[in-house]
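Written below as structure tokens is the structure these notes are about.
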Amino acid sequence: MRFIIATFGNNYTGFLLALLYSIKKNAPTAQVAVLWESIDEEKINPIKKIFSEFDFIKTNYNFGKNKAKRIASKTILWEHAAKQYAGENLCFLDVDILITKDITHFFDELYFNIGFTYKDEHYPLNTGVLLSDGSNKGINFFTSWKQKTMEIINDEILFAQANNTSLPYGAADQMSLFNMLKYQKENDQYNIFLLGNDTCFKGIPCRMLNETNSTSISFDTHIIHYKGVWQDVLIKGMNFSRYRTKKDSWEMYIYFLTQYKEAIEYMNKTLHTNYRADFFNIRIPAYMNKRTLQENSVLYIFHFIRNAFDRLLFLVSRKLKIS
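Written as structure tokens, this is what we have:
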């Protein structure tokens with residue numbers, strides 16, 4: 004089984020480091036391929052050195068120069084990988100993810116050409132994790148998915164629908180998958196005719212294979228997805244939000260910082276270097292002890308007030324510019 008990870012730009016190098024470390028630690032028999040682009044050598048090279056057993060493939064799609072390609076970059080890179088690693092069981096991952104345990108048994112116990120994750124929420128599908136059996140049917144899905152996603156991005160009306168918060172999509176790539184499946188929440192098995200073949204899709208609950216909510220890490224949790232507000236918290240050091248509260252998020256927050264801290268320590272020990280957490284764009288806030296990750300509640304109050312004040316200044320300045 005092979006994990007496929009695609010990443011673009013410097014901002015997510017800390018997420019990449021933590022994800023690769025979590026695979027090495029928690030799914031040690033898995034192979035990995037990282038498709039990367041537009042990352043500074045000083046950031047990608049140390050990561051490549053400590054994970055030399057993994058494949059690192061530099062691509063040249065120039066996403067930054069083309070808005071449509073940039074939005075659809077995941078579907079483009081994942082199609083690339085599906086073709087390159089044909090015949091293998093593949094798990095495609097967004098980079099803002101951690102693996103908590105081996106997932107091989109999903110391939111052994113379930114039948115599918117494509118596995119997707121779902122949840123009983125307003126946006127029922129999340130494409131941060133997809134599974135493929137590596138067959139031609141699986142490859143054809145990624146080709147069709149990319150094409151249909153590009154069609155949405157290049158159509159002003161469809162693109163507006165994809166990002167309309169009243170509709171059940173959340174993004175162009177999720178809208179294209181939703182429409183391909185003709186998704187219905189009572190179904191977790193679909194047979195879809197794609198490019199001349201019946202293709203089997205199997206839905207797997209997000210709580211097992213793509214936990215996007217702030218909640219406790221349970222026995223069923225195999226993959227945690229640090230999406231949305233998580234990135235403001237982890238990259239920018241900002242406050243939690245009313246939708247992703249500190250109380251609900253704390254266990255997952257400490258879990259991420261622990262994995263990331265261990266990854267930095269592993270890198271420094273292996274390479275005889277002295278990298279700090281912020282070099283790879285993950286911020287351990289001042290209210291936490293950098294060594295023990297223990298919270299200082301008094302410092303947290305100052306942190307919270309300062310973040311709230313900065314947020315207020317931002318909103319006021321934006322309103323003044325608009326007016």
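Be aware that the sequence shown starts at 4, since it is given in our numbering, and climbs by one per residue.
Where a beta carbon is used, it is the ideal one built from N, C-alpha and C, also for glycine.
Which class does Arg247 belong to by DSSP, given the choice of helix, strand or coil? coil
Bridge partners - Pro208, DSSP secondary structure assignment: Tyr121
Assuming Gln234 is part of the beta strand (DSSP E), what are its boundary residues? Gln234 -> not in any beta strand (DSSP E); alpha helix (DSSP H) instead, spanning 232–239.
With distances taken from CA atoms, which of Ile50, Glu91, Phe305, Thr152 is nearest Ala175? Thr152
Return the CA-CA distance between Ala36 and Asn166, expressed in angstroms with no decimal places. 30 Å
When you compare each of Phe144, Ile160, Phe57 to Met183 by their alpha carbons, which one comes out closest? Phe144
Which residue wins for smallest C-alpha separation from Ala311, given the options Phe282, Ile285, Phe243, Gly12? Phe243
Less than 6 Å between C-beta atoms, sequence neighbours within five positions excluded: which residues of the same chain meet that for Thr62? Leu38, Glu40
Contact defined as beta carbons within less than 8 Å: I believe Thr10 pairs with Leu19. What is the distance between those atoms, to the nearest angstrom? 5 Å
What does DSSP give as the partner residues of Leu101 in its beta bridges? Ile227
Sequence-distant residues of the same chain with beta carbon closer than 6 Å to Phe66, five excluded per side: Phe11, Lys72, Arg73, Ser76
Should Leu180 and Val98 be called a contact, given that it needs their Cβ atoms to be closer than 8 Å? no
For Ile267, which residues in the same chain have their Cβ closer than 7 Å to its Cβ, ignoring the five residues on either side in sequence? Tyr278, Ala280
If I measure Cβ to Cβ from Gly118 and keep anything under 6 Å in the same chain, skipping five residues before and after, which residues do I get? Leu134, Lys205, Ile207
Bridge partners for Glu214 per DSSP, in chain order? Ile227
Would you check if the segment 214–230 and the segment 101–117 touch, i.e. whether three or more CB-CB distances between them fall below 8 Å? yes
Short check: CB of Pro202 to CB of Asn116, under 8 Å? A quick correction: the sequence has Thr, not Pro, at residue 202. In contact: Thr202 and Asn116 (Cβ atoms closer than 8 Å).
According to DSSP, what are the bridge partners of Asn129? Thr120
With DSSP collapsed to three states, give me the class of Met1. Beyond the ends of the chain as shown, which are 4 and 326, falls residue 1; an answer cannot be given.
If we ignore side chains and look at the alpha-carbon of each, how far apart do Thr146 and Ala89 end up? 13 Å
Report yes if the C-beta distance between Asn14 and Gly131 is below 8 Å; otherwise report no. no
Taking all protein chains shown into account, do 16 or more other C-beta atoms lie within 10 angstroms of the C-beta of Thr78, making it buried, or fewer, making it exposed? buried
Quick check: Gly137 and Glu82, are their CB atoms within less than 8 Å of each other? no
Whose C-beta lies closer than 7 Å to the C-beta of Leu170 among residues of the same chain, with five residues either side of it excluded? Gln164
Using a threshold of 7 Å, is the CB atom of Phe115 nearer than that to any non-hydrogen atom of the ligand GTP? No copy of the ligand GTP occurs in the structure displayed, which carries no ligand at all.
Could you give the DSSP three-state label for Asn194: helix, strand or coil? strand
Through-space distance from Cys209 to Ala289, alpha-carbon basis: 33 Å
Residue range of the unbroken beta strand (DSSP E) whose run includes Thr107: Element bounds for Thr107: not the beta strand (DSSP E) but the alpha helix (DSSP H), 107–112.
Among Gly240, Gln150, Lys264, whose alpha-carbon lies nearest the alpha-carbon of Asp313? Gly240
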